[in-house]
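Working notes for the structure below.
There are 2 protein chains.
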Amino acid sequence: MTNWVYTFGGGKTEGRADLRDLLGGKGANLAEMASLGLPVPPGFTITTEVCAAYYENDRTYPEALAAEVEAGMDHIESVVGSRFGDPENPLLVSVRSGARASMPGMMDTVLNLGLNDETVEGMARKSGDERFALDSYRRFIQMYSDVVLSVDHGNFEDLLDVHKDRKGYTLDTDLGVGDWRQVVAAFKAKVGERLGSPFPQNVREQLWGAIGAVFQSWMNRRAITYRRLHGIPDDWGTAVNVQAMVFGNMGDDCATGVAFTRDPSTGEKRLYGEYLVNAQGEDVVAGIRTPQHLTIAARDANGSRLPAMEETMPEVFARLAEVFRKLEIHYRDMQDIEFTVQRNKLWMLQTRSGKRTARAALKIAVDMADEGLIAPREVLARIDSASLDQLLHPTLAADAERDVLARGLPASPGAASGAVVFTSDDAERLAAEGDKVILARTETSPEDIHGMHAAQGILTSRGGMTSHAAVVARGMGRPCVSGAGALHIDEAGQRLTVGNRTVSRGDILTIDGSTGEIMAGEVEMVQPELSGDFARVMGWADEVRRLEVRTNAETPVDARTAREFGAEGIGLCRTEHMFFDADRIVAVREMIVADDEEGRRTALDKILPMQRDDFAEIFRIMAGLPVTIRLLDPPLHEFLPHTDEEIGEVAAAAGVDPAVLRLRVNQLRESNPMLGHRGCRLGITYPEIYEIQARAIFEAALDAGAALGATVRPEIMLPLIATRGEFDMLRARVDRVADGLAAERGERPAYLVGTMIELPRAALRAGEIAEGAEFFSFGTNDLTQTTFGISRDDAAGFLDDYIRHGILAGDPFVSLDVDGVGELVRIAAERGRESRPDLKLGICGEHGGDPASVAFCHRIGLDYVSCSPYRVPVARLAAAQAALEDD
Amino acid sequence: MTNWVYTFGGGKTEGRADLRDLLGGKGANLAEMASLGLPVPPGFTITTEVCAAYYENDRTYPEALAAEVEAGMDHIESVVGSRFGDPENPLLVSVRSGARASMPGMMDTVLNLGLNDETVEGMARKSGDERFALDSYRRFIQMYSDVVLSVDHGNFEDLLDVHKDRKGYTLDTDLGVGDWRQVVAAFKAKVGERLGSPFPQNVREQLWGAIGAVFQSWMNRRAITYRRLHGIPDDWGTAVNVQAMVFGNMGDDCATGVAFTRDPSTGEKRLYGEYLVNAQGEDVVAGIRTPQHLTIAARDANGSRLPAMEETMPEVFARLAEVFRKLEIHYRDMQDIEFTVQRNKLWMLQTRSGKRTARAALKIAVDMADEGLIAPREVLARIDSASLDQLLHPTLAADAERDVLARGLPASPGAASGAVVFTSDDAERLAAEGDKVILARTETSPEDIHGMHAAQGILTSRGGMTSHAAVVARGMGRPCVSGAGALHIDEAGQRLTVGNRTVSRGDILTIDGSTGEIMAGEVEMVQPELSGDFARVMGWADEVRRLEVRTNAETPVDARTAREFGAEGIGLCRTEHMFFDADRIVAVREMIVADDEEGRRTALDKILPMQRDDFAEIFRIMAGLPVTIRLLDPPLHEFLPHTDEEIGEVAAAAGVDPAVLRLRVNQLRESNPMLGHRGCRLGITYPEIYEIQARAIFEAALDAGAALGATVRPEIMLPLIATRGEFDMLRARVDRVADGLAAERGERPAYLVGTMIELPRAALRAGEIAEGAEFFSFGTNDLTQTTFGISRDDAAGFLDDYIRHGILAGDPFVSLDVDGVGELVRIAAERGRESRPDLKLGICGEHGGDPASVAFCHRIGLDYVSCSPYRVPVARLAAAQAALEDD
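Here the protein sequences come in this chain order: A and B. When we follow our numbering, the leftmost residue of the first sequence carries the number 21, and every step to the right adds one. When we follow our numbering, the leftmost residue of the second sequence carries the number 21, and every step to the right adds one.
This is the structure we're talking about:
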């Protein structure tokens, strides 16, 4: 026989914490606390199964429910020693929702239930406080009418205001017993007027009305919306908790409060919370009175003059501290609790795992491991790997004042302040003079790389979480707020406007890339702390994980940062980013616009020594760790000169007519550059480009190898391969360069040649491509673009709608689409390994730093993930968590 | 033991036609003719295996070869009755190459071999013609020196010119015996001077020199290039044919000629060929003398005054006609032959299957079936389906005079003449006045559709075989020459220039879309003939094929044309093309630039009745055949107004500020429109667009159904689906429109809803998509773009290099990439059918009209192919050929 009702408290507890699905979070934890012997007001929980049955059976209850609820009320009465509806010694109860997942404020609650015209007098006598009894009654009428009878609470607030006006009162506390009697009468009259029938005096009618209202609130509009947003199924249902009322507002020996067992913001092990003397729970939330600290230490630290609970109620405080200790030992986690003190007796009303900042999560987990509460492996599982990112960047001081101008997308975490500039050249110039700058652009392009590097942070008015600005900023570890549509950025006028405010070049702005906020002026910051707990957790993660973690880096700064963050090699060194430097872009442009091989070779000869130096420095920094270098990939027109000045400059360097050059520039434009003349297609049509790059890599590797006294074995990656023919032709050319060098220098460079798998065709033909390729690196950004047929740059126009409608669970450029793109990755891995069992497999798209995607890479047996430097710790932890899943 | 040499002729023939791989085409057919008892000068063939062995063994011959060649020479001597090198009765031979595949003119030949200072005198005596003998000798010295001794033939031509100058001669025939003696002496002296040794007098040395030269010519540069271009493997090798010389230049009872057994241009069954009296084979080719016709009928038809062979050599002619009859019966195909008449005796020197026009191929095959030579099924296999296209369009009269200005790519077959115009509006205007126009543009865009429709033909200076102009023109059946880079098209100046010639608006141009030629003025044309043989072949094809053939059509003209060509339904009706009409583009633009739903609905309400009429007319024309309608697909910005005038027009219609409109236009621009906000993404974000389209389709279907007295069941196709969620959401909306209409009209429209499979993800997730979709149509154009990551519009920059390097066998947008794109099609078909066994499967990309791709569709079990109207016959035949392959 199904049990519809579970009692708790008074030594007769039927539920427990692991019945959360049946009893909801609140009910299960109340039962658990009761079982632990903690002081919980007695009550019972009507299960979530009743909710499901209620909706399945046309909003009717199971037959047996009435009797079980009666038994539950008997249980409460017998424990409390008072009776529901008894005019002399009335029992009051609360009726609250409680779903499996927390849905704060979404559903309804009724307090003080059981009051009517008779019991209110009994309560007045019993408590010796007539005013308290009447206050409770009027609160009950208002809440019950609003929740159960659909008489809006505004009606009652108006009546109270009218009464106060008439009497010249300001505060509720100005009202005396007589006033409250009048108000109660007025409230009841209003209900009668609205409903055509009096306010229900039958307490059982009140009880069933409240239970029904809670079940119905499961299907109210805001609850449905909340569930949709958080992916909570409709059929879970809510439980209903009926519990004896306890009162924190019966005098100065009463109080109510909320607390965390540790500091949820820093993770420090100290009682953290607030209480109010002579108050009900709503009063704490309402914020009318200033809450007091629990401990003397907290009071002193915050400079408060109000006494701490440790002082005013030392015994209760000691009892509370003991309860906290028990709860932590029992739950093995930091708890968020609610309590009430009624006449110096402590009552526990709720406990649950407390929400905490990333910093606190880390400290609490590590401390608990040190305390022996949990094992180091459990520490790994408890930390949300995605949140680690927050720990690696400066953040805004929690209580700093902020003058928020607008809000954009939190595109790259961390906070930054600086003088705003509107061009990348300006950013570079000011930064060279030692200024901190924020680069503000409508959107960024590859030509802004130097400005983004020079800036402390980047701000754009267009583009999404995966726009150029966002992706590059994350890669560089620069804070970025993108797509701040409210800003009008006037690059020509060197200013931005938002509403009626104007920010001009040089004005100080602060951006918070973790929240998307854009603020005027400088805001106080907190610097990250990478040693201590952080380092220990990373160490534990490294012991557990199987996946190697590399980084995507092409600058010495990035390479060094990544090594500090624990990168075990470079998985993607993009050579094109090296081409945008101010001192070489002219030569690069000269190469591109050359219309014959000779012209290209002349320009390339200027680039060769610079490329060689780039690589040599990276090899030195990586000191023998693997370095995967991708040959030139992007559509050539990304490098093209645009302005007349740029065209003139390149024309002069190349010795051609600017008009001819302009023609050539136009020829190189493409309708869909993403699918155009780029990647290995450049290597096929302009062999000399890849030849020079290979030569630069080999020379640098031999030089660096000699300096390090060890072999440097670069991994040369051919991008955008679609066919085996492309790979074979280009590999042969690379080999020829190596042969030539061997003849010249008497030493043959050591190297691997592999490819990006970033086109569906390459994934499908991986078997034959692997016959020539020694490694595959999945370029899941482009693979997602081609598999979905979605341009990352243009997705903003519809991707939000897709996510809103639930067509996509999330942005597939952030977390890998396992079903579609993932199948291609799996196919390629299988087919590749079939023809070359020792094929090295990695991923180097943005997904390499996304925990869910890292888990997928682990499951399908890749060898490594590569991500931007600031994501390396995230990937290390995510890889460890994925490995733990195997056990 | 390997046989290196095969003899033929004189009753001792060892080879036969099916030993082509071993003996080469020429050798095999000489042997076959000899076996048939036809008059073939005796000879022998040195096999292709010798060539292979020669190159494998460092250019040395197999040991046994010398003896076998000697035996071969003995064979010739015994049959002819003269001896090689005999000063009294010398045997002369020819030494020719002959590979497995025809490689015309690529390798070397030596004639009259066996002449030296002694044998030339014997030959003079034996022939009674000293001049003939000396002429033969000087020809031999020149040819042998050039081919074998690397003394360029220019040396000898110079000497001859010097002699003629000195004597005041104009023609070779002015030279007498004495002259030729002097010339021969001079030739020999030149060889001696060049080589430091005399011209070889030893005939065996001559023979082996010539054999070696032929084998070596297999590896000359032009032969290697030819093989690369035609995909002929290097290791096939060539055979060498040594054959007794016969002479067509020993007097007026001698002749030489070439002939086809039927007319290779029309296919008519009549002897077709030319001969020259008293001439050698080279003289026919050299074109110095006018050749004569074989038959009196041909002579009369061509108005020639020179006598026909039928008149001058009636017995030989009768013998020749008999040989032709025998060859056709034997080979069961039209033959291309070479013959020589020596002193009234006919000698056959070559036979092979004759090249022919598409028209002739059709007629010959059908006639042969009627003659009982071949079965109707064989007719199907013999016609190159791709060539059928040529039969469906007007063509230039073969002998019409042409003033060729330039040559572009043969982008869409057929010829057209008209007044050249430079804008689509101008084309439409002039066409409306009854003029024929040729539209010339740098390149075309979707906004040119109306102009392309109005034009007779399209000419562009940019873009490849799969550019917008080419694809749309093929779809419309309009002749098109694209990418004519030599033309400078000055749209603003309303003229085009090529070299130093200028063509202005209104000047007449003719283009030939089958050859790419662009000609000044009007050129005479021949109209296509679709009944008769063509209809019979199509009938046979329809009996055999399993694949249904539909068409891609959206205009009434196209729908009607396609039905005439045998289309069994519409597989792709693109609704966007209907939007470009001048009288509705403003409303369409108004819809696009509207920034809210209401604005879009207002504009869409203007479009609804037009769309309904479009569909109703198409349903009427298709009379119950299936019609698949694709909802709006292209990136919205394709419809955007560009010029100030257009923006003003739309702003006025929509009642908005032109400046606001311009901003919105800029917002809608995309970096990669192919991967942007298009296809079903439009339907998701702007539901009202698809709702209106569905409504127009349903209303038209109900109306047309009522008129036809039958149910019209449109197939609604959702484009660019990547996920099941998109499909389900859009299908639900379509169903809702149908429900609404059922309520309004009391009749629910009948319809199917399916999707294009044109993204890799859709192919992979076909199983779940098919749970909701009733049909799949493979959009292989886009699927090729995304699978390869190649934009069709931008591929011109590298695709040629890819094909040249052999990385791709051909353009994957023309013939489906079976290995890559094909695997996705196969996966989707399998997974789709697994979840819905009666899923209807078709293809509607450009590939639907490509024979190889049609064969692939047949093999993997699709239900239909859909192609542009003019490709329907091609697809019907290709489908039949694919079905024949199954047997």
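For glycine and all other residues, C-beta sits at the position ideal for the given N, C-alpha and C.
| Asked | Found |
| --- | --- |
| Best match in B:V543, B:E669, B:A573, B:I712 for proximity to E617 of chain B [C-alpha to C-alpha] | B:I712 |
| Residue burial classification, Q687 of chain B (beta-carbon count within 10 angstroms, cutoff 16) | exposed |
| C-alpha distance - E83 of chain B paired with T68 of chain B, whole-angstrom precision | 16 Å |
| Cβ of F176 of chain B within 9 Å of any chain A Cβ | no |
| Backbone CA spacing between D423 of chain A and E537 of chain A [nearest angstrom] | 10 Å |
| Segment contact flag, the segment 44-63 of chain B with the segment 21-32 of chain B, C-beta cutoff 8 Å, min 3 pairs | yes |
| H867 of chain A: first and last residue of the uninterrupted beta strand (DSSP E) it sits in | Run containing H867 of chain A: none; DSSP gives neither H nor E here. |
| Chain-ordered residues of the segment 768-789 of chain A with a beta carbon less than 8 Å from chain B | E778, L779, P780, R781, L784, R785 |
| Minimum C-alpha distance to A908 of chain B - residue among B:D633, B:R640, B:I605 | Nothing can be reported for residue 908 of chain B, as the shown portion of chain B is limited to 21 through 907. |
| Contacts that M749 of chain B makes with chain A (C-beta to C-beta distance below 7 Å) | H825, I827 |
| Beta-carbon contacts of I316 of chain A that lie in its chain and below 7 Å, excluding the five residues immediately before and after | A328, E330, E331 |
| Inter-stretch contact (C-beta, 8 Å, three-pair minimum) for the segment 763-774 of chain B and the segment 729-742 of chain B | yes |
| CB-CB length for R580 of chain A against I641 of chain A, believed under 8 Å | 6 Å |
| Contact set for A153 of chain B: own chain, Cβ-Cβ below 7 Å, skip 5 residues either direction | V140, M143, A144, S147 |
| Contact test: T310 of chain B Cβ vs the ligand PLP heavy atom, cutoff 8 Å | Of ligands this structure carries none, so the ligand PLP is not represented either. |
| Reference E348 of chain B; option with closest CA among B:R682, B:D387, B:D615, B:A447 | B:D387 |
| Per-residue burial, L249 of chain A [other beta carbons within 10 Å of its own, 16 or more giving buried] | exposed |
| C-beta contact flag for G589 of chain A and P646 of chain A at 9 Å | yes |
| Between the CA atoms of L628 of chain A and A752 of chain A - distance to the nearest angstrom | 20 Å |
| A275 of chain B - DSSP class collapsed to helix/strand/coil | strand |
| Test item: CB-CB of V115 of chain A and N261 of chain A under 9 Å | yes |
| Supposed close pair A258 of chain B, S117 of chain B - CB separation, criterion 8 Å | Correcting the residue type first, residue 258 of chain B is Thr in the shown sequence and not Ala. Their Cβ separation, rounded to whole angstroms, is 5 Å, which keeps T258 of chain B and S117 of chain B in contact under 8 Å. |
| Contact belief for N298 of chain A with D272 of chain A at Cβ below 8 Å, rounded distance in angstroms | 6 Å |
| Extent of the continuous alpha helix (DSSP H) run through H183 of chain B | 173-187 |
| Where the beta strand (DSSP E) through I394 of chain A begins and ends | Segment: none, I394 of chain A is in no beta strand (DSSP E) and carries neither H nor E. |
| Selected residue, minimal CA-CA separation from A716 of chain B, among B:A573, B:R650, B:H657 | B:R650 |
| E618 of chain A in three-state terms, based on DSSP | helix |
| Buried versus exposed, by CB contacts within 10 Å (16 or more), D839 of chain A | exposed |
| Partner residues on chain A for N801 of chain B, Cβ-Cβ distance less than 9 Å | In chain order: nothing, as chain A lies at least about 12 Å away. |
| Rounded Cβ spacing between L779 of chain B and L803 of chain B (contact assumed at less than 8 Å) | 7 Å |
| Collapsed DSSP secondary structure at M776 of chain A in the structure displayed | strand |
| Inter-residue spacing [alpha-carbon to alpha-carbon] between H183 of chain B and R214 of chain B | 19 Å |
| Beta carbon proximity, Y710 of chain A to chain E, threshold 9 Å | Among the chains of the structure shown, chain E does not appear; the protein chains present are A and B. |
| Test: Y822 of chain A CB closer than 9 Å to a CB of chain B | yes |
| Beta-carbon gap between G591 of chain B and I863 of chain B smaller than 9 Å | yes |
| DSSP state of Y351 of chain B mapped onto helix, strand, coil | helix |
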